[in-house]
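Structure first, commentary second.
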Amino acid sequence: MSSYNIDMAKRPLAIGPAGFRTARLIEHVRNERGLSQRELAARLNRLGHPLAHTALSRIECLRRRCDVDDLVAIAGALEVPPVALLQRRES
Numbered sequence: 001m002s003s004y005n006i007d008m009a010k011r012p013l014a015i016g017p018a019g020f021r022t023a024r025l026i027e028h029v030r031n032e033r034g035l036s037q038r039e040l041a042a043r044l045n046r047l048g049h050p051l052a053h054t055a056l057s058r059i060e061c062l063r064r065r066c067d068v069d070d071l072v073a074i075a076g077a078l079e080v081p082p083v084a085l086l087q088r089r090e091s
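Mapping of the sequence shown onto full-length UniProt numbering: position 55 corresponds to residue 55, and the numbering continues sequentially without gaps.
This is the structure in structure tokens:
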């Protein structure tokens, strides 16, 4: 592994505007569905994508990035298309 890759792995990755919007939408849709983070985590586990409720909390609190695999699984557990967690909500 090059030193570039090692250095990159040590730096936390900032959460940009799309990540911020996605975190807010995950929380919004979860609350619309009346699900706690523990209930959403249980759904994810049943779908074969174990993600602890603490990881969901960190995503929603912007302390953890939501990767593509997590996004697709969370969308499935919330029964929405993944793009629904990426788009700006219409007011």
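By construction, the Cβ of each residue, glycine as well, lies at the ideal position given by its N, Cα and C atoms.
Looking at E32, I26 and G34, the one whose alpha-carbon comes closest to that of A55 is I26.
A straight line joining the alpha-carbon of L71 with that of L85 spans about 8 Å. Around the beta carbon of V83, fewer than 16 other beta carbons sit within 10 angstroms, so the residue counts as exposed.
The DSSP assignment places complete alpha helix (DSSP H) segments of no fewer than 4 residues inside the UniProt domain "HTH cro/C1-type" (26-85) at 37-46, 53-60 and 68-78, in order along the chain. With contacts defined by Cβ atoms closer than 8 Å, C61 and G19 do not form a contacting pair. A41 and P17 have their C-alpha atoms spaced approximately 24 Å apart. Shortest Cα-Cα distance from H53 to any of E39, V29, R63 and R46 involves E39.
Cβ atoms of R43 and A77 come within 8 Å of each other, at about 4 Å.
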